[in-house]
Each structure stands twice: as C-alpha cells, then as structure tokens.
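First comes the structure, then the notes that go with it.
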Amino acid sequence: MSSSLRATAKKEDQTQLHHLLITSEAAVSIIGQKTLTSMMQEVVNQALSIIGAQMSQLSLTLDFDGIRHFNAIATDSPENSDKSSSSSSLKTHHDLEMSVAQYGRPIRLGRNDTYVDVPADDKSSHCELGWLGVPVLDKDGVNIGLLQLSEKLDGEFNTKDEYFAIELAQLAAGALNNFNLLSQMRELNLSNVALKTFSHSVSHDLRSPLNVIDGFSRLLAKEITGEQNNKVQQCLARIHSGVTQMSGLIDGMLSLAMHTPTQLHTETTDLSQISNAILESLQRQSPQRQVRLKVKDNLIVRGDSRLLQSVMQNLIENAWKFSEKQESSHIEIGFCDKQQAFFVKDNGVGFDMLHARELFTDFERLPSAQGYAGFGVGLASAARVISRHGGRIWAESKPDCGATFFFTVSSAN
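Counting along the sequence shown from 1, when you hit position 106 you're at 105 in numbering that gives the first Met the number 0, and nothing is skipped either side.
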C-alpha cells in the first residue's frame, strides 16, 4: 500500500473515531436527562452544535394524530431565538415535514433547492440556506416525530450531517421510550397501591357484617336446645359454615392483592431453613400424625425472602394436607438436577394431569381437592411470586399417586 493510501486510510479511521466519540458523548448527555422536556432540548442543542446550523427543532407526536404536542428549539443567536419563538416559524417547512413523516426517510435540501413533491408556488418548499429533516421512529418503525435543521452555517448540509441527525433522532426515540416505560411503571405502582387499599377496604367492609351474622348465629345456637330444634340447629350450622367460607374467600382476596407486583427486596434466602421451620410448625399442630420428612440442605436462592416463604408455605401445607389420609405419609423437599428446579413432593391423593392448567388459576379447585379445606388461592399466589422472580412453576401427578410441584428461580444457586 502506498503512503498516500495509508494516509487516506488513517484519516478515514480518525474521522470515524471522531464521529463515534461525538455520538457517544451526545448519547450520554441525552440519556442522562431527567425529564422529557430537558431530553428534547438536549437533542436540539446537540444537533445545533454537532452539525452547525442556525436553527434546530425537534417535534414529537406522541398519540400519532399528526399534531405536534411537544416542541424543542435551539438557535445560534438571540435574534434567531426571538424569531423561532413565534408559532408561524414552526410551520415554515410544513409540507417538507409531512413528506418526511409520510415516507419515513430523511430529506436534505441545498441552498435554493426546491422539493419536487410540493407545489412550485409554495414558498415553504424553497430553502434559501438549506434544510435537513429526519424522522423520529419508534421501535416498531412508526413515525413519532421530526428532527429538522435549517440554515447551515458553513456550506451545504451533507451526508455526514444527515447521519448525525439520524443518530440523534434514534437517541431521542430511545430516550422517549425509556420515559414512557418509567411513566408506565409509576402508573402501575400507583394502581397496585390503589388495588391493595381497595382490597383491604372491601375486606373490612365485608368482614364486619359477617362477624355480626356469625356472632348472633352462635348465640342463637346456644339459646336453642332440645331435639325439637334439631332442624333449626342445622340451619344455624349452615349459616356458620357459609360465614367461614366467605371469610376464607376474603382472606384469599387479600392474599392475591398482597402478591401483586411491587418492588422485590432481594437477599440470600435459605429454602431449606424455611421448609424445616414450616414442617416443625405443622408437626406441632398435628402431633398425632406420623410423616416421613426429607429436606435437602443448602437450598439457597437470591430473592424476596418474605414472598418465597409464602411459596414454600403454600406448597408444603398442600403436601401436608393432601397426604393426611395415607397410612404412611411422605414429604420431600429438594432440588432436581435434571429439571434444574426445586421441588416439593408428597404421596397424597394426586390429581389428573388433564386439570394441570387449572391448578394456578385464582379460586379454582380440582375435583380431587373436594373434601379438603381451601379456596384455590395458595397455588395462584405461589405462581405470581415465582413469576415475579423470573421463574416458572408446574406440577406432575397421577390420581392416588401423590404430586410433585417444581419451581425455578432465576437467581438460584
């Protein structure tokens, strides 16, 4: 390679490196803005500085109705700033702007050029000192705005200017997407707080009359005795049973509300320790039961300890409950290398896998669960918690052959 070619190649490399440096610095500055307004203003300031023009303008049409709801303008002098503040200056190149939006591609005009797609007598199509417009496209390629520059300070708008403008428009679209995501997260958090408040309020309002019904029905049951009142006693027993069931449903509603998306408090969590504590508590409540227990040591995960404890509580209590009619109950908690998942296994009544999809549905109970206490909330809550931790939960079973519930947590060791 001749020295002249090497010199040319070196210069091109330096030019490209300079381009990347300028773009990266602009990206850091744009993405670092805290508000939509300041982000847009930084985009036009960067465009004005990098490309070198007398005026730069960014317009966004956030609801896609073609009306520019947000504008940011930068100029190279106070005189141009006063000029650009008028509403008429925002429409100077309206037809050119519409063409950029329609075709979704940049338009670049030199001094005294006329754009062929607009009427020749339209003064807005004539650019005495040049004009450059590039579309702002979202991640789906939908036009959501326009970045335009006019009156090039030195020479004509060129291909390099166009590339810079495209990159700045892409940065604006990315930053806007981030602002939209943050806004949606804030709205979601507010909705979750409102949902929890509503659930607690409703549960309190429902529980108050239930307590009254339950209290008076118990008083009546004590007052009314004798064989002739057996039918009345049966009716009162039904009332008490209905109150108990309704109270359980209210608890279930609160449980589901508690597991709606909130910020996770991640920490190292020992599922083995949690499982042993739950099993010890269950054994104390039912000392007459003989259950063979096996818990693998060091089942360590990174997650929200409180929520993961609720998962283990639901799974272990189900295993305990649905194996209580077995002559010899077995419950095992461990980790399956093949599935790369934690599991809770029992030798209880099991279920038909045809109903497996219904397991994790709110207030849904399988036919095999009839005759056992519960309201169909525990597994639905567990599924929500596991989903929050980036994992999944599923079950394998056969009728009268027990069940194994598997779950994964994205940060499991």
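Every residue, glycine too, gets a C-beta built ideally from N, C-alpha and C.
Just so we're clear, the structure is a prediction, and the values are computed from it rather than from any experiment.
Please report the Cβ distance between residue i and residue j, rounded to the nearest whole angstrom; I am assuming they are in contact, meaning their Cβ atoms lie under 8 Å.
| i | j | result |
| --- | --- | --- |
| residue 313 | residue 389 | Their Cβ separation, rounded to whole angstroms, is 19 Å, which puts residue 313 and residue 389 out of contact at 8 Å. |
| residue 100 | residue 142 | 5 Å |
| residue 30 | residue 174 | 6 Å |
| residue 57 | residue 171 | 6 Å |
| residue 319 | residue 330 | 7 Å |
| residue 346 | residue 401 | 4 Å |
| residue 156 | residue 187 | The Cβ separation is near 43 Å, so there is no contact. |
| residue 299 | residue 265 | Actually they are not in contact, since the Cβ atoms of residue 299 and residue 265 sit about 13 Å apart, beyond 8 Å. |
| residue 136 | residue 109 | So it is not a contact: roughly 25 Å between Cβ atoms. |
| residue 384 | residue 309 | 6 Å |
Looking at the unbroken beta strand (DSSP E) that takes in residue i, where does it start and where does it end?
| i | result |
| --- | --- |
| residue 377 | Where residue 377 is concerned, there is no enclosing beta strand (DSSP E), although the alpha helix (DSSP H) it sits in stretches over 377-387. |
| residue 332 | 328-335 |
| residue 266 | 265-269 |
| residue 355 | Careful: residue 355 lies outside any beta strand (DSSP E) and carries neither H nor E. |
| residue 285 | Premise fails: residue 285 is in no beta strand (DSSP E) and is neither H nor E. |
| residue 392 | 392-396 |
| residue 151 | 142-151 |
Rounded to whole angstroms, what's the CA-CA distance from residue i to residue j? Just pull it up for me.
| i | j | result |
| --- | --- | --- |
| residue 325 | residue 237 | 29 Å |
| residue 413 | residue 287 | Missing from the structure shown is residue 413; the chain here goes from 0 to 412 and no further. |
| residue 177 | residue 138 | 12 Å |
| residue 339 | residue 107 | 57 Å |
| residue 220 | residue 235 | 7 Å |
| residue 134 | residue 185 | 29 Å |
| residue 292 | residue 282 | 11 Å |
| residue 105 | residue 168 | 11 Å |
| residue 409 | residue 307 | 13 Å |
| residue 289 | residue 322 | 11 Å |
| residue 28 | residue 246 | 56 Å |
| residue 40 | residue 180 | 20 Å |
| residue 207 | residue 214 | 11 Å |
| residue 280 | residue 317 | 14 Å |
| residue 358 | residue 274 | 22 Å |
| residue 218 | residue 284 | 29 Å |
| residue 380 | residue 356 | 15 Å |
| residue 94 | residue 387 | 49 Å |
| residue 19 | residue 129 | 25 Å |
| residue 25 | residue 158 | 19 Å |
| residue 337 | residue 360 | 27 Å |
| residue 239 | residue 183 | 45 Å |
| residue 98 | residue 304 | 56 Å |
| residue 382 | residue 407 | 11 Å |
| residue 229 | residue 263 | 53 Å |
| residue 315 | residue 391 | 17 Å |
Let's see if you can read the secondary structure: which residues bound the alpha helix (DSSP H) around residue i?
| i | result |
| --- | --- |
| residue 316 | 304-321 |
| residue 339 | Taken as a continuous stretch (DSSP letters only), residue 339 belongs to no alpha helix (DSSP H), as it is neither H nor E. |
Quick one: what does DSSP say residue i is sitting in, helix, strand or coil?
| i | result |
| --- | --- |
| residue 291 | strand |
| residue 105 | coil |
| residue 408 | coil |
| residue 345 | strand |
| residue 135 | strand |
| residue 32 | coil |
| residue 70 | strand |
| residue 57 | strand |
| residue 300 | strand |
| residue 360 | coil |
Which residues in the same chain have their Cβ closer than 6 Å to the Cβ of residue i, if we skip the five residues on either side of it in sequence?
| i | result |
| --- | --- |
| residue 393 | 405 |
| residue 231 | 223 |
| residue 73 | 43, 44, 47 and 55 |
| residue 403 | 342, 344 and 395 |
| residue 328 | 290 and 322 |
| residue 32 | 38 and 41 |
| residue 294 | 271, 274, 275 and 332 |
Tell me which residues share the same chain as residue i and place their Cβ nearer than 7 Å to its Cβ, disregarding the 5 neighbours each side in the sequence.
| i | result |
| --- | --- |
| residue 84 | Confidence in residue 84 is poor, its pLDDT being 42 and thus under 50, which makes the residue's placement unreliable; the coordinate value appears in the next sentence. Excluding sequence neighbours, residue 84 sits near nothing in its chain. |
| residue 50 | 148, 160, 163 and 164 |
| residue 52 | 148, 149, 150, 151 and 152 |
| residue 22 | 166 |
| residue 311 | 270, 273, 274 and 277 |
Apart from the five residues on each side of it in sequence, which residues of its chain come closer than 8 Å, Cβ to Cβ, to residue i?
| i | result |
| --- | --- |
| residue 398 | 348, 349, 350, 351 and 367 |
| residue 297 | 269 and 271 |
| residue 96 | 58, 132, 145 and 147 |
| residue 242 | 209, 212, 213 and 216 |
| residue 335 | 341, 342 and 405 |
Using 8 Å as the limit for Cβ to Cβ distance, is residue i near chain C?
| i | result |
| --- | --- |
| residue 304 | The displayed structure is made up of one protein chain only, and chain C is not part of it. |
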